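**Student:**
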Amino acid sequence: MFSSMKILIVVSCCAFVTVAQAGELTEEKEHRAEAQAERICFSANSTREQVVAQHLVPPFQIIQRESQQRKAESLGARLCRWKGQLVYEINLLRQDGHVIHVYFNATSGTAMADAR
59 MFSSMKILIV VSCCAFVTVA QAGELTEEKE HRAEAQAERI CFSANSTREQ VVAQHLVPPF
119 QIIQRESQQR KAESLGARLC RWKGQLVYEI NLLRQDGHVI HVYFNATSGT AMADAR
């Protein structure tokens, strides 16, 4: 009887943890979907057009500066419209092998804490 109680308690705890994790995953997926819906990224051609038309800071300037400052290699950059702002998302490969994503206001070239 005592071992049956132990098993019941263990099974109950596992079920609770599984349900809690499933809830967290669902919440995370909803957050990602919401963020994606708010973000529209431009093609390379459209980015060039936007840089000229909107008088944006050229992405190469930011990439060059950040690569030197962070001692990292640029993997790519893209221009996106997030929550009404034009934002550069720049991906850098650090010397330790970690990829970092940094965000800059495309109009001013200033770093953004978190565009997501």
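Numbering of the sequence shown is given in this note's numbering, commencing with residue 59 and proceeding in unit increments.
Positions of the beta carbon are idealized from the N, C-alpha and C atoms, including for glycine.
Just so it is clear, the structure is predicted and the values come from calculations on it, not from any experiment.
Closest by CA to Ser101, which one among Val109, Glu124, Arg123, Arg136?
**Tutor:** Numbered from its first residue, the sequence shown carries residue 101 at position 43. Checking every option, the nearest Cα to that of Ser101 belongs to Arg136.
**Student:** Please list, in chain order, all residues of the same chain as Cys99 whose beta carbon is under 6 Å from its beta carbon, the five residues on each side excluded.
**Tutor:** As a position in the sequence shown, residue 99 is number 41, starting the count at 1. If we look at Cys99 and ignore the five residues flanking it on each side, its Cβ neighbours are Arg136, Cys138.
**Student:** What would DSSP say about Thr102, mapped onto helix, strand or coil?
**Tutor:** One-based indexing of the sequence shown puts residue 102 at position 44. Sequence check: residue 102 is Ala here, not Thr. Ala102: helix per DSSP, three-state reduction.
**Student:** Thinking just about the alpha-carbon of each residue, which of Tyr161, Gln126, Arg106 is nearest to the one in Ile148?
**Tutor:** Residue numbering aside, residue 148 sits at position 90 when the sequence shown is read from its first letter. When only C-alpha atoms are compared, the closest one is Tyr161.
**Student:** For Gln108 versus Leu144, is the C-beta distance shorter than 9 Å?
**Tutor:** The residue labelled residue 108 in the question sits at position 50 within the sequence shown. The residue labelled residue 144 in the question sits at position 86 within the sequence shown. Yes. Within cutoff.
**Student:** Cα-Cα, which of Ala164, His159, Ile121 is closest to Gln112?
**Tutor:** Translated into positions along the sequence shown, residue 112 becomes position 54. That would be Ala164, whose Cα lies nearest to the Cα of Gln112.
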